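Report on the structure given below.
In the working numbering, the protein residues as written are 264 to 394.
Take a look at the structure:
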């Protein structure tokens, strides 16, 4: 049995810890590392592993449950569920993501990363996504 996927956060980052947890778990879900039926660590256990307050992990789990990724049950923890069909993204949402990607790409270019390397990284990331 392969080891459980690791959730990592950077406590020195300006990005709130709960947001990093949500984003980390969402990546694992989208890439298929966590599948329906997978059990996530308890709120308290993950909080202890990450060095954050348990309310931080609870907030992250609740957000993912609200998005339809997790089933939360007191005493049973968080279980990944099948989302079924998801609605198509609105043009406004796609434009927001496009703008965010442009900003990120501009940051990468300002750090000297060549456009070809950025394009290769984007290809690598999108190839790992489940349809």
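Where is the CB? At the ideal position from N, CA and C, for every residue including glycine. Remember, it's a predicted structure, so these values are computed and weren't measured experimentally.
Residue range of the unbroken beta strand (DSSP E) whose run includes residue i
i	result
residue 336	333-336
residue 340	340-343
For residue j and residue i, the rounded distance between their alpha carbons
i	j	result
residue 360	residue 368	12 Å
residue 339	residue 380	44 Å
residue 331	residue 277	27 Å
residue 402	residue 329	With the chain running from 264 to 394 in the structure shown, residue 402 is simply not present.
residue 374	residue 388	20 Å
residue 306	residue 317	6 Å
residue 356	residue 288	21 Å
residue 384	residue 296	19 Å
residue 325	residue 273	21 Å
Range covered by the alpha helix (DSSP H) that runs through residue i
i	result
residue 293	280-293
residue 355	354-373
residue 381	378-390
residue 325	317-329
residue 310	306-313
Residue i: CB within 8 Å of a non-hydrogen atom of the ligand MN
i	result
residue 320	This structure lacks the ligand MN; in fact it carries no ligand of any kind.
Proximity below 9 Å, CB of residue i to CB of residue j
i	j	result
residue 281	residue 322	yes
residue 309	residue 320	yes
residue 341	residue 302	yes
residue 298	residue 343	yes
residue 372	residue 378	yes
residue 395	residue 290	This structure gives no information on residue 395, because the portion of the chain shown stretches from 264 to 394.
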